[in-house]
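Going by mature numbering (1 follows the signal peptide of the UniProt record, and there is no 0), the letters in the sequence shown line up with residues -19 to -1, 1 to 521, in that order.
Beta carbons are placed, not taken as given, at the ideal position from N, Cα and C, and that holds for glycine.
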Amino acid sequence: MKRFYIYLFAAFCTVFLGACTGNFRDMNDDLTGISDEDLEADDNGFGYRLQIVQQGIYFNYDFGKGKNWPFQMTQNLNADMFSGYMHDPKPLQGGSHNSDYNLQDSWNSAMWQFTYSYVMPQIYRLEQTAREKMPPFYAITKILKVLAMHRVTDYYGPVIYSHFADRGSEYVPDSQQQAYNCFFDDLDEAADILAAWVEEQPEAGEFSRFDLLLDGSYTAWLRFANSLRMRLAVRIAVAAPEKARAEFRKAAQAAGGVIETSMENAAVKTSGTYSNPLGEINLNWNEAAMNASMESVLTGYGDPRLEKFFKPCGSDLVIAGDAGDGTVVLKGQYHGIRQGTGFSHNYYAAFSRLTVDTDTDAVLMTAAEVWFLRAEAALRGWTDEDAERCYRNGVAASFAQWQLSGAESYLGSDAMAADYHDPVDPGNDIAARCRVSPRWDAAADAELKLERIITQKWIAMYPEGCEAWAEQRRTGYPRLFPVRLNHSKGYIDTETMIRRLPFPAVLATSDPEQYAALVAELGGEDHGGTRLWWDAGRNF
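Now the structure itself:
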């Protein structure tokens, strides 16, 4: 991260975060600077607000203080790294920060701050006005609300959801279980509206000019709502198994179906309105590189998606040492950075970079993910589908998404993940942790089958770190490399790994009553080692 942005964000947090996210009671006016009068001057008010929400989920809404760095704080310096996807090659904060569990409050508060300051106020205003005037826009609002806020609760745990902007209840927090129940209720309402609308007006396309995620059709949004329900149902598979099974089956049997092909993927489309912030961070700031766990799995498998995801090292590296200069051969190879090594040098700038640029659509849900959800549901006996068939369809859908052939050959492979060797510091070397190959093994037990499903799901969801981190915490798969150095002061277990982000520190000082309510709903201490409700520590 550029030093300028470090200082900017620190100042921003002091003034803005303390004033807004610390006290929800003062948040009747959102901070986008858009008034109702501005929108009334144009007959596009509902759609314009929905565009802001869409930009705010994979955060790249320009609120007048610059773009891209909010996303770096919101996602890239936490979930994208904790998921095993990426690592910043620069020695930020002197080398000790989120990477080695020396958690940075100014970074980890961003998801909470930006969602509640920019996204939720727009959603609230749409809920108040669109229900009667434009029901399908109201339904899309509900879907986007669930999409945005499940990411927030999956970071922190309890959230302000059902009582947001509810002065009578003084912004009472929901436990994560309560929030998930509300998510399913909101998806029910949205799906009912869209199903009726599609039946009566199947060709309606009022939303198409505002739609940054799908094709603008209400049919596509109904399909996405059903797919999102599947995601959330599987997330609570162990925490609330009967509820999970019922919600999954509801999605599987719902009108409109679910996402099944790559043409139906949900992604924030890059345009004049939106550019991919990860592309800026990656190519222009030089602050995103391959994670060692990705190197281990993709190179070990000989996975053809490797070159679609990452670039080989562009040149060899010269390292000055006590015995003189030495050349480390890197050019043309793929190398990733192991999390938690506390490095204070810039040598990793030569390691493999992402292929993502500012024109790359920001994927939020894919057909591959949905097929893997169906594979897990079949494994759990929720449906009559065949788990192996769904698993194979998931891999095939991922290959199709990246325009690759050879899925069948890959699915017959017994290749295993590779040991990690750090060409800069051999002290970071570690044996491969992943214990499954791409080939399905019908004789394996349920745990090993689940590991195979989730490992391929993890590959297929790249580069969407929020969902990948959530699923890795829920299942323990894929088996990521643990941090070499753990500076959490004992709060986070090295092998169990980080389980959540702490609430913004300013909450405790600006509104101690609300902070206490959030922690009470969490049911544990407010640190990175406390498990969330759906994080049961077991899979069956």
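| Coil, strand or helix - methionine 478 by DSSP | In the structure shown, methionine 478 adopts coil according to DSSP, grouped into three states.
| said: Assuming contact is defined by CB atoms lying nearer than 8 Å, are proline 463 and glycine 65 in contact in what I supplied? | reply: Cβ distance not < 8 Å, so proline 463 and glycine 65 don't count as in contact.
| said: Taking only three categories from DSSP, how would you classify phenylalanine 229? | reply: Phenylalanine 229 falls in the helix class under three-state DSSP.
| request: In the DSSP assignment, find the beta strand (DSSP E) that holds valine 310 and state where it starts and stops. | output: Valine 310 -> no beta strand (DSSP E), and no H or E assigned at all.
| message | Whether or not the stretch 419 to 429 and the stretch 448 to 455 are in contact is what I'm after, with contact meaning three or more pairs of Cβ atoms, one per stretch, closer than 8 Å; do they touch? | response | Three or more Cβ pairs closer than 8 Å define a contact, and the stretch 448 to 455 falls short of that threshold against the stretch 419 to 429.
| query | For glycine 504, which of Lys292, Pro139, Pro293, Asp166 has the nearest alpha-carbon? | reply | Out of Lys292, Pro139, Pro293, Asp166, the CA that lies nearest to the CA of glycine 504 is found in Pro139.
| field | DSSP state of isoleucine 434 mapped onto helix, strand, coil | value | If DSSP states are grouped into helix, strand and coil, isoleucine 434 belongs with the helices.
| request: Give me the Cα-Cα distance between methionine 115 and leucine 195, rounded to the nearest whole angstrom. | output: In this structure, the CA atom of methionine 115 is about 19 Å from the CA atom of leucine 195.
| message | Whether or not the stretch 29 to 38 and the stretch 103 to 115 are in contact is what I'm after, with contact meaning three or more pairs of Cβ atoms, one per stretch, closer than 8 Å; do they touch? | response | The answer is yes - the stretch 29 to 38 touches the stretch 103 to 115, with three or more Cβ pairs under 8 Å.
| For glycine 86, the three-state DSSP class (helix, strand or coil) | Reading off the sequence shown, one finds aspartate at residue 86, where the question assumed glycine. Aspartate 86 falls in the helix class under three-state DSSP.
| Should the stretch 72 to 83 be regarded as contacting the stretch 127 to 138, the criterion being three or more beta carbon pairs within less than 8 Å? | Touching, no, given that fewer than three Cβ pairs across the two stretches are closer than 8 Å.
| In this structure, does DSSP put arginine 106 in helix, strand or coil? | Arginine 106 falls in the helix class under three-state DSSP.
| field | Neighbourhood of aspartate 10 by C-beta distance below 8 Å, restricted to the same chain and skipping five residues each side | value | Per-residue confidence for aspartate 10 stands at a pLDDT of 47, beneath the threshold of 50, marking its modelled position as unreliable; the derived number appears in the next sentence. Pro102.
| query | Quick one, are the C-beta atoms of asparagine 41 and proline 258 less than 8 Å apart? | reply | Yes, the Cβ-Cβ distance between asparagine 41 and proline 258 is below 8 Å.
| What separation, rounded to the nearest whole angstrom, lies between the Cα atoms of arginine 481 and valine 127? | The alpha-carbon atoms of arginine 481 and valine 127 are separated by roughly 19 Å.
| query | From this set, Phe484, Trp515, Ser491, which residue's C-alpha is nearest valine 500's C-alpha? | reply | Looking from the CA of valine 500, the closest CA among Phe484, Trp515, Ser491 belongs to Phe484.
| task | Indicate whether the contact test is met: 3 or more Cβ pairs, each with one atom in the stretch 148 to 166 and one in the stretch 188 to 203, closer than 8 Å. | result | No, they do not touch.
| query | For alanine 388 versus phenylalanine 380, is the C-beta distance shorter than 8 Å? | reply | Judged by their CB atoms, alanine 388 and phenylalanine 380 are nearer to each other than the 8 Å cut-off.
| query | How big is the Cα-Cα spacing for histidine 402 and threonine 122? | reply | For histidine 402 and threonine 122, the distance between alpha carbons rounds to 47 Å.
| Do the stretch 217 to 236 and the stretch 246 to 261 touch if we need at least three Cβ pairs shorter than 8 Å? | Put simply, the stretch 217 to 236 does not touch the stretch 246 to 261. Fewer than three CB pairs are less than 8 Å apart.
| said: Restricting to Cα atoms, I'd like to know which of Glu366, Thr336, Arg190 is closest to glycine 260. | reply: Glycine 260 has its Cα closest to that of Thr336, out of Glu366, Thr336, Arg190.
| query | Would methionine 244 be called buried (16 or more neighbouring beta carbons within 10 Å of its own) or exposed? | reply | Exposed: under 16 other Cβ atoms inside 10 Å.
| field | For isoleucine 174 and phenylalanine 165, the rounded distance between their alpha carbons | value | Whole-angstrom Cα-Cα distance: 14 Å.
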